[in-house]
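There are 4 protein chains.
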Amino acid sequence: MRVGIIGATGYGGAELLRLLNQHPHVEDIVLYSSSKEGMNIQESYPHVSEIYNQTLKKIHIDSVKSEVDTVFLATPPGVSAEWSAAIADAGCQVIDLSGDLRLEDPATYEKWYKRKSAPVSLIKNAVYGLPEWNRELIKKAKIISNPGCYPTATLLGLAPLVQKGLIDEDSIIVDAKSGTSGAGRSPSAITHYSEMNENFKIYQINTHKHVPEIEQILHRWNKDISTITFQPHLVPMVRGIMATIYVKAIKQTNEKELRELYQTAYQNECFVRIRPEGQFPATKEVYGSNYCDIGITYDERTGRITVVSVIDNVVKGASGQAIQNFNIMNGFEEGTGLNIVPMYP
Amino acid sequence: MRVGIIGATGYGGAELLRLLNQHPHVEDIVLYSSSKEGMNIQESYPHVSEIYNQTLKKIHIDSVKSEVDTVFLATPPGVSAEWSAAIADAGCQVIDLSGDLRLEDPATYEKWYKRKSAPVSLIKNAVYGLPEWNRELIKKAKIISNPGCYPTATLLGLAPLVQKGLIDEDSIIVDAKSGTSGAGRSPSAITHYSEMNENFKIYQINTHKHVPEIEQILHRWNKDISTITFQPHLVPMVRGIMATIYVKAIKQTNEKELRELYQTAYQNECFVRIRPEGQFPATKEVYGSNYCDIGITYDERTGRITVVSVIDNVVKGASGQAIQNFNIMNGFEEGTGLNIVPMYP
Amino acid sequence: MRVGIIGATGYGGAELLRLLNQHPHVEDIVLYSSSKEGMNIQESYPHVSEIYNQTLKKIHIDSVKSEVDTVFLATPPGVSAEWSAAIADAGCQVIDLSGDLRLEDPATYEKWYKRKSAPVSLIKNAVYGLPEWNRELIKKAKIISNPGCYPTATLLGLAPLVQKGLIDEDSIIVDAKSGTSGAGRSPSAITHYSEMNENFKIYQINTHKHVPEIEQILHRWNKDISTITFQPHLVPMVRGIMATIYVKAIKQTNEKELRELYQTAYQNECFVRIRPEGQFPATKEVYGSNYCDIGITYDERTGRITVVSVIDNVVKGASGQAIQNFNIMNGFEEGTGLNIVPMYP
Amino acid sequence: MRVGIIGATGYGGAELLRLLNQHPHVEDIVLYSSSKEGMNIQESYPHVSEIYNQTLKKIHIDSVKSEVDTVFLATPPGVSAEWSAAIADAGCQVIDLSGDLRLEDPATYEKWYKRKSAPVSLIKNAVYGLPEWNRELIKKAKIISNPGCYPTATLLGLAPLVQKGLIDEDSIIVDAKSGTSGAGRSPSAITHYSEMNENFKIYQINTHKHVPEIEQILHRWNKDISTITFQPHLVPMVRGIMATIYVKAIKQTNEKELRELYQTAYQNECFVRIRPEGQFPATKEVYGSNYCDIGITYDERTGRITVVSVIDNVVKGASGQAIQNFNIMNGFEEGTGLNIVPMYP
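Protein chains in written order, with the working numbering: chain A, 1 to 345; chain B, 1001 to 1345; chain C, 2001 to 2345; chain D, 3001 to 3345.
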């Protein structure tokens, strides 16, 4: 396969370069840019010296068509809305890591993203790329809308409970914590080292763009769920997301029963690991890998279930999951190029 | 005043040394230890070189009685249970930073702390040292039980809502995040640098010792509250606690109304700062100071109120609050020695 | 005293706000800005809420003259060159934390700073504010040129050896490491959290602006010294500088002899602490304080002396030292407002 | 190949597990322990859940002989001295990551390591595993003594200059900085998170065990070199080493000439990357990979050459280099299983 990357100078792009380098079915990688054409990727990323020597090329649909089979878009808002339809029409697979195509209702998109939605016709053709719960549609997709980092951790953590209807549908609270890489590569006051180190921040209170994405999928799984409380925070670290999820059980349960529910739900999944009794995951335990690790327990005193779900936001929360989708779309074994032991410590 | 410190080689003790050094009414500081007598404090803490030159002395009630007026106990579990009664009987004020005297019910203590409670007679005489809500009793106290770090941030964040009965009493969820200094100075696998940096951890799920402490006070304020969900996490930073508090409003409200409630409740408090509209505090904004900064908002979609409360766990969550209590007990202006601008960045 | 600060929104300015707040002889603080007039300081720094409520004022010499006695300039290059002469002529003391007035030779300034030097007439009137070695001139100064952060740590570490002529004058190598706050508050790719955390960087190889500043002073102390090797690095932490200094002894010596030399040299200094045998300082041991801690040893195998000098770059390396100079200029006890125990941990 | 690991619960062992998992010629991995037999590796390392399920086995030479072809020892001092001879005699290849077999002179070992040396007969048979400069001997070796982390970065940085005799042999100063993983997995006061974060430390001044190892190899390359100054520091990060190397050129040179020297020296090396003009490496640019990145320059003012050499201490400084040696010993392509793009950010 020959693959193209638009947005290789961002963190999602860098991670695609890291992961695709060891993918046995990828023989050629072409880098495109809508703004930095002519630059060698090593100028932006010295860490790929002597590995990648490509120059960023301008996006021309005709060249794209002749040069690659699949295009990954690791781009800021608006780029996918502009290019995905044309790329797909040219016959290439599209895997979009941005949020452009995730929300099916343009009004919802415009409310939360504060910008114009992509055309409905394009959105309709995009399949939500959460393999564990949407694999059949992904197999036949031409355009993948890759899930957001927070939705990936949250939805994998909530799916078994929500799909089985075991919880009060009005009780979902997700307290999420992320490393700074999720904020991207553009320097800002918020992620300036001197202001972020030895600091813990809350941000975008009740307004994060991933809220409607999570609600849309939960609602698909369980019509009684309409709104959730989802609150992100910034941790002084680079990679990793933990979603601590609190829900009310509709009837008494216990840790053993819950663990069995999760183990059954994910027994055939190669990238979801359920922790044994009394163990809960830390973010470093999935560092650099495509795993989502989940711990679960029940508190008899309060009747609440706590689910702890961790991912590496740059891998399972972005580029790793994109490659997982790439594998499924092309009939490769799902873990191809992704069988990476987490880096520890 | 002449003050004694038991446990000066721990972090609570080090912080007392830092803060008491600039207290205008403290003229002499004597260091006691139950295990390290004979050691000079500089051996343990080179940062106090040429400032403190004391040797740790063995605890003898007769010496304590003649040497100091007030004793701060910044000690592991059990030390206060053993010594506080005798020290108070000797006529010294006792300010206990440990958890020994906080829970009024011995059975509750023994369930959560997994060890024997202090005698009820001692606990009965100890006043809970949360100045903002217990000032009158503190003024007359001989023994102060200084609040835990998490309870301080949580209770200051919840008090106005709970006392006014504005929330569903069964809906309280506190997702708390702490720097590692709260875990103390003893090296452990959990706080080993290589395992804690670039990592975010959840711990003591549904079992943290501060749960019954928080519940006890909330229940005093509002008899309908019996249990809460409180969940701590470890952040890769040294100092700081953020409590993100989620509660259900019993009727529709708005941010302005809530802010006014908090501003009124804390208008005479020198160490509680309510953030203006749209602003929420980060932990670094109280770094090294005795402030508790609070932000609050309401989400119309879910009917939930979010309160964000931050403190420096070693100051307002321990030694600073202890000195605040010391000031109140002795009729000093409450902020004496504590009027410190947070260190930023 | 009434003091003015130009540049309060930078880190040097924030630190002046922290330290001056507890200075007993400072009764009024006025904030000036050449670019952000009209902004309340709390908008820039929420951590000073309810402590400082000033609005930044435009710099007018007439207002400055009537409003304040001393002006601290914590400003980017060029501001002091523009304003210091006028402020001094208006009768105010000037304490300049920038590098504008440090180099006596304009050609040297222009070579290393790559910009036009301040007028020689202005530079001539500025006294280099390193109190430990320039106290008599500081007492009579109207304009202080406050030393750079690296020069402070380096010069205090080298002074006894250089002044006594105990080392090969061609052998000085200073390997310096700094926290990121030294790079200031403007976001940049270099200090973007995701690029700086879990990373250690070298920068400005053989070209750092502090090289000629260090050489100028060393040369004053010992005419045989002309050039040194000075190399800075960035550490993933916010505050702190360590200068590891390697020099060749001209004759055999030993640790005891060297320690005595340093203890004698600094015996009357309140902010320089020499470590006892076998102990060397870490940056955290001076965190938030005005101390410079020094350790020293000799290696018989190589004939080299190693000096380790640490400071908090924002305090002794900038704002704390500025206040130390302020105290000397005004006849206050030198440590006034600066007797701070380092914050640990 | 079937490989055994002794010491899998340490960081070197964990990294072998990560890297060997993707090695195409390793079909079986057996874990041995001299102290934790019977424990499942997942108890120690949850991050390998569902990847490794081995139980640590007691070391019996007969079992080792029948179970594996190669044994990696990632062990504390003394274990290799005890077991390596027997394992080699049993016909297995030995790759020792500890320092037991690195120093050829037992007296030197005993002076620096403060413990008894391994038998000379064993040390004589061990080949120093620095592939770039010892490849021919490694090909024929039965026992590899894998270099220390600091020596790897230092020797690769110095080799071209030293071998060509271009520097004053008495002028070598290596200022080295390491992440905390080099200190191993046992909790200690030095690497306790609260004491190490926001801190920069110097340690083992003039006494680090890697000094004689570096000197031994430099002396082999250039008989005029006998002693160097090598000084390590601890950086608040987990992985990465930077060696900043200062040497005096014996005659004037320039950056271009030096770069060509290095490019020529390493032109056939797959794991050494020489940076282009004006660029110097940061540790993160080799994070998780087997690269050693080198930058070099010359200062006309001082006549000194500065070499900056960075590695990931756990990979090229330990387990990655061990696998590189494993590949060479067995005739595999040298980069097999190690062609990893550094993880960034």
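Beta carbons are placed, not taken as given, at the ideal position from N, Cα and C, and that holds for glycine. Quick caveat, the model's predicted, so the values are computed rather than measured.
My output table needs one value for residue i: the three-state DSSP class, helix, strand or coil.
i: serine 117 (chain A); result: coil
i: lysine 1270 (chain B); result: Before going further, note that residue 1270 (chain B) is cysteine rather than lysine in the sequence given. Correct three-state label for cysteine 1270 (chain B): coil.
i: glycine 3278 (chain D); result: coil
i: aspartate 3062 (chain D); result: helix
i: asparagine 327 (chain A); result: helix
i: histidine 210 (chain A); result: helix
i: histidine 2192 (chain C); result: strand
i: cysteine 149 (chain A); result: helix
i: glutamine 1022 (chain B); result: coil
i: lysine 1124 (chain B); result: helix
i: tyrosine 2032 (chain C); result: strand
i: asparagine 1134 (chain B); result: helix
i: tyrosine 3291 (chain D); result: coil
i: tyrosine 262 (chain A); result: helix
i: threonine 1154 (chain B); result: helix
i: arginine 2304 (chain C); result: strand
i: lysine 111 (chain A); result: helix
i: aspartate 3089 (chain D); result: helix
Anyone know if the C-beta pair for residue i and residue j falls short of 8 Å?
i: isoleucine 2296 (chain C); j: valine 2272 (chain C); result: no
i: glycine 240 (chain A); j: tyrosine 291 (chain A); result: no
i: cysteine 1149 (chain B); j: serine 1178 (chain B); result: yes
i: glutamine 216 (chain A); j: leucine 103 (chain A); result: yes
i: isoleucine 245 (chain A); j: leucine 137 (chain A); result: no
i: tyrosine 2193 (chain C); j: tyrosine 193 (chain A); result: yes
i: lysine 2164 (chain C); j: leucine 2261 (chain C); result: yes
i: proline 1151 (chain B); j: arginine 1115 (chain B); result: no
i: threonine 3154 (chain D); j: valine 3174 (chain D); result: yes
i: methionine 3196 (chain D); j: proline 3131 (chain D); result: no
Whose C-alpha, out of the options, is nearest the C-alpha of residue i?
i: leucine 1101 (chain B); options: B:Tyr1246, B:Lys1201, B:Lys1209, B:Phe1230; result: B:Lys1209
i: leucine 81 (chain A); options: A:Gly99, A:Lys36, A:Lys223; result: Note on residue identity: the sequence assigns alanine, not leucine, to residue 81 (chain A). Checked all of A:Gly99, A:Lys36, A:Lys223; the closest Cα to alanine 81 (chain A) is A:Gly99.
i: asparagine 3330 (chain D); options: D:Pro3024, D:Lys3116, D:Ile3305; result: D:Pro3024
i: methionine 357 (chain A); options: A:Glu104, A:Lys57, A:Ile51, A:Asp28; result: Outside the displayed range of chain A (1 to 345) lies residue 357 (chain A), so it cannot be described from this structure.
i: glutamate 27 (chain A); options: A:Trp112, A:His47, A:Tyr52, A:Ser34; result: A:Tyr52
i: valine 3308 (chain D); options: C:Gly2165, C:Phe2200, C:Ser2034; result: C:Phe2200
i: glutamine 279 (chain A); options: B:Asn1206, B:Gly1184, B:Ser1194, B:Trp1083; result: B:Asn1206
i: threonine 302 (chain A); options: B:Pro1151, B:Thr1229, B:Leu1258; result: B:Thr1229
i: tyrosine 266 (chain A); options: A:Gln231, A:Glu195, A:Leu156; result: A:Leu156
i: isoleucine 1059 (chain B); options: B:Tyr1113, B:Thr1009, B:Tyr1045, B:Gly1004; result: B:Gly1004
i: glycine 3013 (chain D); options: D:Ser3066, D:Met3343, D:Pro3345, D:Gly3182; result: D:Gly3182
I'd like the list of long-range same chain contacts for residue i, defined as Cβ closer than 6 Å, with 5 residues on each side in sequence excluded.
i: tyrosine 1128 (chain B); result: Asn1134, Ser1145
i: threonine 2283 (chain C); result: Gly2240, Met2242, Val2310
i: isoleucine 1006 (chain B); result: Tyr1032, Leu1073, Thr1075
i: glutamate 1213 (chain B); result: Arg1102, Gly1148, Pro1151
Apart from the five residues just before and just after residue i, which ones in its own chain have a Cβ nearer than 7 Å to its Cβ?
i: glutamine 2022 (chain C); result: Gly2337
i: valine 48 (chain A); result: Leu17, Ile41, Gln42
i: phenylalanine 2332 (chain C); result: His2025
Output needed for residue i: all residues of its chain with C-beta closer than 8 Å, excluding positions within five of it in sequence on either side, in chain order.
i: serine 2084 (chain C); result: Leu2073, Val2094, Asp2096, Asp2100, Leu2101, Ala2118, Leu2122, Ala2126, Ile2143
- Interface positions of the stretch 2187-2206 of chain C facing chain A (Cβ-Cβ less than 7 Å), listed along the chain: Within the stretch 2187-2206 of chain C, the residues whose Cβ lies closer than 7 Å to some Cβ of chain A are Pro2187, Ser2188, Ala2189, Thr2191, His2192, Tyr2193, Ser2194, Met2196, Asn2197, Glu2198, listed in chain order.
- Near-chain D residues of the stretch 2225-2243 of chain C (beta-carbon distance less than 8 Å), N- to C-terminal order: Residues passing the 8 Å Cβ filter: Thr2227, Ile2228, Thr2229, Gln2231, His2233, Val2235, Pro2236, Met2237, Val2238, Arg2239, Gly2240, Met2242.
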